[in-house]
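Working notes for the structure below.
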Amino acid sequence: MIDEARFMYMAELLKIFIKENKRVPKQLEVYRGEKIGRWLANQKVLYCIGKLSKNREKILKSINSEILINQKVINGRHFKYMLSLLHDFILSEGRLPKTNEEYSDERLGKWLSNQKTFYKMGKLYNERKEALEAIDSRIFITKQDLEVEHYVDMSNLLKEFIKEKGRIPRSKEEYKDQKIGAWLSNQKHLYKVRRLKAKKKDILENIDYKVYTYINS
């Protein structure tokens, strides 16, 4: 019942959005605090892979008769089938498949790896990219992206620590369940041996003058 109420709320929000803006929301669009674009993209994926109930399909089409049409995705029968398997795999395992992993006798991991390659080469239809991201929003994020994201998070935590304490953390000191002292000591070492990448170096040096002084000491 909660799920159904949520669907009805989002469908009504979508109806209001279209009435106000005279268009459907873009995938990353937020409206009244809700990720309305992402929600609609997910409904399209469920429709394409045959997992959207007839009642929900009817409700969405009553808002806009063409709202679920995503022709390039629908026409790619194999893509549609593999997308369905990926959806089921993530629901079952709570993660993305590894490169060599199979599921329902299909090389699902290899297929997903190929979609990522097509994306990097600029050869993946935008509709297919959106369909994949609707299943898992982090699907095209690389290890390098995650590494930089973690670095920024730790840098912000360090900035917060210095603002609160007025000093650099000690090497064994923890802050908000993170080993902030050991992390900073490691960055200093990498900086000294010239193994800290330029982007990370810039982030670190611009946190606070205390950090700049520390890593150069």
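Here the sequence shown stands for residues 1 to 217, numbered as in the working numbering. Positions of the beta carbon are idealized from the N, C-alpha and C atoms, including for glycine.
*Would you kindly work out how many angstroms separate the C-alpha atoms of residue 12 and residue 21, rounded to a whole number?*
In a straight line, the C-alpha of residue 12 is about 14 Å away from that of residue 21.
_Which residue wins for smallest C-alpha separation from residue 18, given the options 211, 47, 61?_
Check the Cα spacing between residue 18 and each of 211, 47, 61: the tightest is with 61.
*Whose CA, out of 92, 184, 195, lies closest to the CA of residue 213?*
Ranked by Cα distance from residue 213, the options 92, 184, 195 are led by 184.
*May I ask which residues mark the beginning and end of the alpha helix (DSSP H) holding residue 149?*
Where residue 149 is concerned, the enclosing alpha helix (DSSP H) stretches over 143-165.
*In the DSSP assignment, find the unbroken alpha helix (DSSP H) run with residue 89 in it and report its ends.*
DSSP places residue 89 inside the alpha helix (DSSP H), whose first and last residues are 77-93.
*Going by DSSP, what residues sit across from residue 178 in a beta bridge?*
175, per the DSSP bridge assignment.
*Three or more C-beta pairs below 8 Å linking the stretch 153-171 and the stretch 180-196*: These segments touch.
*In angstroms with no decimal places, state the Cα-to-Cα distance between residue 64 and residue 8.*
Cα to Cα, residue 64 sits roughly 15 Å from residue 8.
*For residue 31, which beta-bridge partners are listed by DSSP?*
Beta-bridge annotation (DSSP): residue 31 is paired with 34.
*Can you tell me whether DSSP reads residue 106 as helix, strand or coil?*
Three-state result, residue 106: strand.
*Contacts around residue 134, its chain only, beta-carbon distance under 6 Å, and the 5 residues preceding and following it disregarded*: Its chain contains 41, 42, 45 as the residues whose beta carbon lies nearer than 6 Å to that of residue 134, once the 5 sequence neighbours on both sides are disregarded; these appear in chain order.
*When the Cα atoms are used, what is the spatial distance from residue 16 to residue 38?*
Counting only the Cα atoms, residue 38 lies some 16 Å from residue 16.
_Below 8 Å, how does it come out for the stretch 100-110 and the stretch 77-90: are there three or more Cβ pairs, yes or no?_
Counting C-beta pairs closer than 8 Å gives three or more between the stretch 100-110 and the stretch 77-90, which meets the contact rule.
*What first and last residue would you give for the alpha helix (DSSP H) that runs through residue 65?*
Counting along the chain, residue 65 falls outside any alpha helix (DSSP H), and DSSP gives it neither H nor E.
_CB contact flag (residue 52, residue 82, <9 Å)_ = Not a contact, by the Cβ cut-off of 9 Å.
_Suppose the cutoff is 8 Å on Cβ atoms and the five residues either side in sequence are ignored; what does the same chain contact list for residue 26 look like?_
Around residue 26: 37.
*Consult DSSP for residue 192 and reduce its assignment to one of helix, strand or coil.*
The answer is helix: DSSP assigns residue 192 an H, G or I state.
*Report buried or exposed for residue 131, applying the criterion of at least 16 other Cβ atoms within 10 angstroms of its Cβ.*
So residue 131 counts as buried.
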